[in-house]
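Reviewing the structure listed below.
Protein chains: 2
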Amino acid sequence: MNLKQLSELLGLSQTTVSRALNGYPEVNEATRERVLQAVKETGYRPNKAAQRLATGKAGSIGLVMPTAPDHYSDVHFGEFLTGLGEEAVRHDFHFVIMPADPNDEVGALRRLAISGNVDALFVAYMRGHDPRLPMLKSLSMPFLVHGRSFGSEPDYPYLDIDNEGAFYDAARLLLQLGHTRFALLNGPAHLDFAIRRKNGLVAALAERGLDLPEDCASHTTMTDEHGQFATERFLQLPDRPTAILCSSTVLALGAIRAVNQAGLKLGEDISLIAHDDVLPHLRPENFSVPLTTTRSSLRAAGIRIAQRLIATVKQDAPYPEQELWKTELIVRASTGPVPRQDQNLGGV
Amino acid sequence: MNLKQLSELLGLSQTTVSRALNGYPEVNEATRERVLQAVKETGYRPNKAAQRLATGKAGSIGLVMPTAPDHYSDVHFGEFLTGLGEEAVRHDFHFVIMPADPNDEVGALRRLAISGNVDALFVAYMRGHDPRLPMLKSLSMPFLVHGRSFGSEPDYPYLDIDNEGAFYDAARLLLQLGHTRFALLNGPAHLDFAIRRKNGLVAALAERGLDLPEDCASHTTMTDEHGQFATERFLQLPDRPTAILCSSTVLALGAIRAVNQAGLKLGEDISLIAHDDVLPHLRPENFSVPLTTTRSSLRAAGIRIAQRLIATVKQDAPYPEQELWKTELIVRASTGPVPRQDQNLGGV
DNA sequence: ATATAATTCCAAAGCGCTTTGACACCTCAC
DNA sequence: GTGAGGTGTCAAAGCGCTTTGGAATTATAT
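Chains as they are written, first to last, in our numbering: chain L, 1 to 348; chain P, 1001 to 1348.
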């Protein structure tokens, strides 16, 4: 069943049917209803290839998926993808992926762009001075980045959260509670969000004349095991930290295991604030000691990015080019005043 | 630059240029050369949408990517994807993915099929009695599965390795070396390959009147941490196993850590055979005690699957519908005769 | 009543490719 | 010299949709 047959069936022209289907105003509501009804009955679906040829739009956005463990290996990316996918399905868009050696992301991106299979590109897992940026800019194809690239001029379209602000605020809260010895459970050191979160923490500490010792910062992929191992190390330090900042609730999961095994009480002996990406299976309020968090939904970011990308392709883009989402600081039970015996140790 | 312009530039018809480009025989070699040369100079690339409309082929294969941690979260899938991608790029094919809630894989698959964006479907991570199979068969769209579905009639196109045979052979080798107490570090219990590998082991044991105790089989996602934890448990058993079969070199990595920490010598106190997917960063010969393995390249499987899928779409498919690759059993240093003190414990 | 504007629809022209059916042209055999 | 059989090329017809530029019909203003 194609347009021609459908229109003959209805005794209308292809034009009218096409317009009825695509929501153009110059068609009588009654006729539109009739068309929609016929579509339902016949199961007509417009041919994508023809649509694409006629409009010049493929209805697809491309992304390169590095086939290395680090990048796509975590639940965070899955959650984000879910958001992207949800919105894409809603608009009948689809994703074209290009699996790529991590050493050749730039090349893969270029190949994807010139392949003619995609209308726009999406990139994530930005690093400092990310080499993909200049290439994307040279490409004359719309793109959108999730995150930013530390050290690069921010003159590209992005959606990011205020990582620096989030960890700055979190650190301030802990400072106000009297903590002076901090540890950081962070994501991989080269990633932009990890850089900024660390900066946020360091900035807050600096205001009080404090610093973050080398051995109190851990950079790993964000699994609970890594959270546990790193925290175990922190807890064995001579001046062990009383406050931990954590780049993910997944890391926190492991961290808390380590805290418990050390016989310490979360929220009393040691305070912890985690960044909460709002992963559905890991709600901070359901932890045995509910977690104080900085919150920003990763899925929502996925949805938003899909919206913007799709709007750009459809050329009806009233969206801002650059968005920086604030995070919420939500205080629960995992933070408390610094224990008395730790009050004047370390610090200034 | 399009075909028309290119052909005018060359003083040829569109027909001839098109045929020259697509390798048809009825064009003079000299003309073909001339065309190819012009393509190089002008940078002409055929319009995908037009090609697609004219031929009815999208040049793309679809796969649904479950957005749950387990499925795509491991290096194994990445390695496989690399193979797929490598071959796809070679043929100028691409992948359309549909992120999907794991509970709705079947629906996602259907949506992908009727979206009109793909020529064929690919599925992996098969489970026993996999519900995707009947739906795929009802679809009148070519598909190919990596692995098989235990319990389903094997009347669908697949590429699998002989998991049962691999672990049967591995177990036989260890039995010949006198081992009687076995443990199994396996993948998630519901996955087909895990089921079959366990069956292979159990079958070999049964021939000697042995069995695999409940607490000597571990089913987890295949990370080194899980390998370590599970092995630690094995080693604390009263009748601890002297032989370990391991579904991945990644699991083996952790297992060996546990063995070392327990002060045991690999290949002497305890023997281990791992399945080797030929992950580039994890070569069994580079382990401090080189690993005895059953080997089958996951990347090669990816390449092969892409080849078959592409050939099917292009209708020039001389490939068999079903392939079962044998694995190689490669003996290195991680296997040895059962230690004397363990010789007559346990078993029959 | 007639002129003007909105409303609703249509025929036909693309979009850029592949493929069919024909047509020259050039052997080669008889 | 003619007919058969290749070879190399082309014009034109799709593929199934969107969109342009009218045209017919109806509503509104004069």
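Glycine included, C-beta positions come from ideal geometry on N, C-alpha and C. Being a predicted model, the structure only gives us computed values, none of them experimental.
Exposure of residue i, with buried meaning 16 or more beta-carbon neighbours within 10 Å
i	result
Q37(L)	exposed
V1331(P)	exposed
E87(L)	buried
T1055(P)	exposed
R196(L)	buried
D414(L)	Nothing in the structure corresponds to residue 414(L), since chain L is present only between 1 and 348.
R1304(P)	buried
G240(L)	The sequence shown places Arg at residue 240(L), rather than the Gly named in the question. Result: buried.
K1265(P)	exposed
E79(L)	buried
A1030(P)	exposed
Y24(L)	exposed
G1043(P)	exposed
A1(L)	Strictly speaking, residue 1(L) in this sequence is Met, with Ala absent from that position. Flag for M1(L) reads exposed.
D215(L)	exposed
P1142(P)	buried
N1022(P)	exposed
K1326(P)	exposed
Nearest-angstrom Cα separation, counted from residue j out to residue i
i	j	result
Q322(L)	K137(L)	15 angstroms
H281(L)	P1046(P)	46 angstroms
V365(L)	A1243(P)	An answer regarding residue 365(L) cannot be provided, because it is not within the stretch 1 to 348 covered by chain L.
R1110(P)	D1092(P)	25 angstroms
G336(L)	A1120(P)	56 angstroms
M1135(P)	H129(L)	46 angstroms
K1004(P)	Q1014(P)	6 angstroms
V289(L)	I256(L)	9 angstroms
T1223(P)	L1009(P)	58 angstroms
L144(L)	I114(L)	17 angstroms
L173(L)	Y156(L)	33 angstroms
L12(L)	V27(L)	11 angstroms
G1200(P)	E1207(P)	11 angstroms
H1275(P)	F229(L)	27 angstroms
A1333(P)	V1259(P)	15 angstroms
A1189(P)	S1247(P)	12 angstroms
L191(L)	L1006(P)	45 angstroms
M98(L)	A1217(P)	37 angstroms
E153(L)	E41(L)	54 angstroms
D342(L)	P238(L)	12 angstroms
R283(L)	P1102(P)	19 angstroms
F287(L)	L245(L)	16 angstroms
G147(L)	R1308(P)	38 angstroms
G59(L)	E232(L)	49 angstroms
T427(L)	L175(L)	Shown here, chain L extends from 1 to 348; a query on residue 427(L) therefore has no answer.
G267(L)	P320(L)	40 angstroms
L253(L)	L159(L)	27 angstroms
S1149(P)	E1164(P)	13 angstroms
H1071(P)	Y1125(P)	Unreliable positioning characterises H1071(P) in this predicted model, as indicated by a pLDDT of 48, which lies under 50. The coordinate reading is nonetheless provided below. Going from the Cα of H1071(P) to the Cα of Y1125(P) covers about 7 angstroms.
V1348(P)	G1263(P)	Because V1348(P) sits at a pLDDT of 40, beneath the cut-off of 50, its placement in the model cannot be relied upon, and the following sentence gives the value as read from the coordinates. Rounded to whole angstroms, V1348(P) to G1263(P) spans 28 angstroms at the Cα level.
A20(L)	S1140(P)	30 angstroms
L112(L)	G1107(P)	28 angstroms
A1049(P)	K48(L)	9 angstroms
R1295(P)	L1063(P)	26 angstroms
E285(L)	T292(L)	9 angstroms
F1167(P)	K1198(P)	7 angstroms
Residue(s) in a DSSP beta bridge with residue i
i	result
N1186(P)	H1219(P)
G62(L)	V96(L), L121(L)
R350(L)	Absent from the structure is residue 350(L), since the part of chain L shown begins at 1 and ends at 348.
E1323(P)	L1159(P)
H146(L)	L159(L)
- Determine contact between the region 1257-1274 of chain P and the region 1296-1314 of chain P, defined as no fewer than three beta-carbon pairs at a distance below 8 angstroms. Contact fails: fewer than three Cβ-Cβ distances are below 8 angstroms.
- Task: With 7 angstroms as the limit, tell me which residues of the region 1307-1331 of chain P have their beta carbon closer than that to any beta carbon of chain L; keep them in chain order.
- Result: Residues of the region 1307-1331 of chain P whose Cβ lies closer than 7 angstroms to any Cβ of chain L: none.
- Task: Specify whether the region 1310-1320 of chain P and the region 1181-1188 of chain P touch according to this definition: at least 3 beta carbon pairs, one from each stretch, less than 8 angstroms apart.
- Result: A contact between stretches requires three or more CB pairs, one per stretch, nearer than 8 angstroms, and the region 1310-1320 of chain P fails this requirement with the region 1181-1188 of chain P.
- Query: Residues in the region 216-231 of chain L with C-beta within 7 angstroms of chain P's C-beta atoms, listed in sequence order?
  - Reply: For the region 216-231 of chain L, which is checked against every Cβ of chain P, the residues closer than 7 angstroms are E225.
- Query: According to a CB-to-CB cut-off of less than 9 angstroms, which residues of the region 112-126 of chain L neighbour chain P?
  - Reply: Taking 9 angstroms as the Cβ-Cβ cut-off against chain P, the residues of the region 112-126 of chain L that qualify are L112, I114, S115, G116, N117, V118.
- Query: What residues in the region 1087-1109 of chain P have a beta carbon less than 9 angstroms from any beta carbon of chain L?
  - Reply: So the close ones are A1088, V1089, D1092, H1094, F1095, V1096, I1097, M1098, P1099, A1100, D1101, A1108.
- What residues from the region 1032-1050 of chain P come within 7 angstroms of chain L, judged by C-beta to C-beta, listed N to C? Hits within the stretch, in order: R1045, N1047, K1048, A1049, A1050.
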